[in-house]
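First up is the structure itself, then whatever we jot down about it.
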Amino acid sequence: MFNFDNADIEIVLQATSELLVFNYVLSPEVRGKKVTVQTTGRIPVDDIFPVLLTILDVNGLAAVKSGNVYRIIAKQGAPQTPTRTIVGAEVDPALPGDEVVTVIVALKYVSAQDAVGLLRPFVPAQAALTSHRDT
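If you count the sequence shown from 1, position 133 lands on 1234 in my numbering, and the numbers rise without skipping.
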């Protein structure tokens, strides 16, 4: 089970990082943030990190990977933070669903500007879509 009632985010991160063995740095504006998590039953180890990313997301936070360290920051600052870049149309299915990444996709049948217009309704408010004018 993964249960925390009004716990400091630092406690949740420490417990998760010890279990999954990952490094993190907590941004000063995130310290003292309280979270509540209630689960039932056993969570498979492979599902624990995605659960952590969901906890961060619903609390306005994000985990941005930088080398072998995750930076835990406010979600509104995530788009301006250097992130992992993926080049190509295929995103690795092993990539956690809530991880902040930059994806560069080459388009074949639509202009970049048209693609931005088509995709914008599906992009969360804190994400950004851009296109290169001449493509």
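For every residue, glycine included, the Cβ atom is placed at its ideal position computed from N, Cα and C.
It should be emphasised that the depicted structure is a prediction, and the values quoted were computed from it without experimental measurement.
Three-state secondary structure (DSSP) of A1213: Reduced to three states, the DSSP call for A1213 is helix.
Short Cβ contact (7 Å threshold) for R1221 with L1208: R1221 is not a Cβ neighbour of L1208, given a cutoff of 7 Å.
Alpha-carbon spacing of I1144 relative to D1215, whole angstroms: Taking the straight line joining both Cα atoms gives about 42 Å.
Alpha-carbon to alpha-carbon, V1146 and E1119: The alpha-carbon atoms of E1119 and V1146 are separated by roughly 12 Å.
Buried versus exposed, by CB contacts within 10 Å (16 or more), A1164: A1164 is buried by the Cβ-count criterion.
F1103 and V1138 closer than 7 Å at C-beta: Closer than 7 Å, so yes.
V1122 and R1172 closer than 7 Å at C-beta: V1122 is not a Cβ neighbour of R1172, given a cutoff of 7 Å.
Three-state class that DSSP yields for A1108 in the structure shown: In the structure shown, A1108 sits in a strand (DSSP, three-state: E or B).
Among I1174, V1204, H1233, nearest to I1110 - alpha-carbon criterion: Nearest option by C-alpha distance: I1174.
CB contact flag (N1124, N1169, <7 Å): In this structure, N1169 lies closer than 7 Å to N1124 by Cβ.
Residues that R1172 bridges to, as DSSP identifies them: V1126, V1165, per the DSSP bridge assignment.
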